[in-house]
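The numbering of the sequence shown is this note's numbering, which starts it at 223 and goes up by one.
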Amino acid sequence: MHTHIIPEFTITNALAAVLIGFVFIIIMSFVREPSRQKINTVIIAGAGGVYWSGGLGVWEYVFGAVMLFVAFKALKHYYFIGIGWLLHTGWDVMHHLYGEPIIHFAPLSSAGCAVCDAVLAIWFFFGAPTIWNVFRKQSTVTT
C-alpha cells in the first residue's frame, strides 16, 4: 500500500507563491495585446498536461482534455483563462493531498502552485490588465 505524506505548507510558502504570481503578472504586462491572450492560452493548455503520470491515473488525461477545451474557449475570452487557472488550482490541491507534486524533488510545489494559480486566476478574471496602467497618473480634462 502506498502511503502519501502531506508536507506542511506554511505562510512563508504561501507568500513565496503569491510573489511568483506577481512576478508572472509583471512579466506578462510587457506583452502587448493580442499576444498576451494568445500566449496565456497556450500556457493554460500546457498546464493541463504537467501532471501526466502524476499518480491520479486516467483522470490526468481527462483533466488534460478539459484544459484543452478551456484553452480553446480562452482564445476569445480572458475569463476562460481564469477558469483554467482555477481548475488547475483544484488539480494542484488534489496532487498535494493524493498524488505526486508537480516538481518531484520539491514536495510543496503543488501546494505553492495552487496559491500562485489562484492569484493568476483573479488577474485574468479582471481581464489581465497591464500593471503599467496602475502606475500611470490619471489625467483629467476639465472644461
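Cβ coordinates follow ideal geometry from the N, Cα and C atoms, glycine included. Here the structure is a predicted model, which means the values were calculated and not measured.
- Taking one beta carbon from each stretch, the segment 308 to 325 and the segment 266 to 286 have 3 or more pairs nearer than 8 Å; the two touch.
- Contact between Gly270 and Phe285 holds: their C-beta atoms lie close to 6 Å from each other, under 8 Å.
- For Phe291, the secondary structure class from DSSP, reduced to helix, strand or coil, is helix.
- Contiguous alpha helix (DSSP H) elements confined to the segment 262 to 331 occur at 281 to 296 and 300 to 319, taking only those with 4 or more residues.
- Per the C-alpha coordinates, the member of His318, Ala336 and Ile344 positioned closest to Ala236 is Ala336.
- If the five residues before and after Gln259 are omitted, its C-beta is found closer than 8 Å to the C-beta atoms of Ala296, Leu297, Tyr300, Ile303 and Ala350, all from its own chain and listed in chain order.
- Contact annotation: Trp354 and Ser257 have beta-carbon atoms that are not nearer than 7 Å.
- C-alpha of Ala340 to C-alpha of Thr311: approximately 6 Å in a straight line.
- If you draw a straight line from the Cα of Arg254 to the Cα of Ala267, it is about 20 Å long.
- The beta-carbon distance between Thr263 and Ala287, rounded to whole angstroms, is 16 Å. This is too long to meet the 8 Å contact definition.
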